[in-house]
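Student:
In my numbering, the protein residues as written are 28 to 115.
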């Protein structure tokens, strides 16, 4: 399903993973976020960029597209997802 991804933050290393737990969490700048909320937000952020190739595609297809992006782009999408969860 979702692949394991690594994001480097300014304060350390944060993993996004597909785990066995019901509600795995991601710590980012001292705040905890539910893993699936972050994944959903990242998918929504990528869709908001209005990529024609991804229009109408499933969440798995969009996530696999994100996984193949370069590090800087993934980190930007990750940060935008956190901002959207925070309501910015």
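Glycine included, C-beta positions come from ideal geometry on N, C-alpha and C. Nothing here was measured: the structure is a model prediction, and the numbers come from that model.
By the DSSP assignment, the alpha helix (DSSP H) with residue 115 in it spans what residues?
Tutor: Numbered from its first residue, the chain shown carries residue 115 at position 88. Element bounds for residue 115: n/a, residue is neither H nor E.
Student: Secondary structure at residue 118, three-state DSSP: helix, strand or coil?
Tutor: Residue 118 is absent from the model: the chain starts at 28 and stops at 115.
Student: How many angstroms separate the CA atom of residue 95 from the CA atom of residue 89?
Tutor: The sequence position of residue 95 within the chain shown is 68, counting from 1. The sequence position of residue 89 within the chain shown is 62, counting from 1. Spanning the two alpha carbons is a distance of roughly 10 Å.
Student: Assuming residue 112 and residue 80 make a contact with CB atoms under 8 Å, what is their CB distance in whole Å?
Tutor: As a first step, residue 112 must be located in the chain shown, where it is residue number 85. As a first step, residue 80 must be located in the chain shown, where it is residue number 53. The pair is not a contact, with the Cβ atoms about 26 Å apart (cut-off 8 Å).
Student: In the DSSP output, which residue or residues are listed as bridge partners for residue 60?
Tutor: For the purposes of this step, residue 60 is taken as the residue at position 33 of the chain shown. Looking at the DSSP assignment, residue 60 forms a beta bridge with 53.
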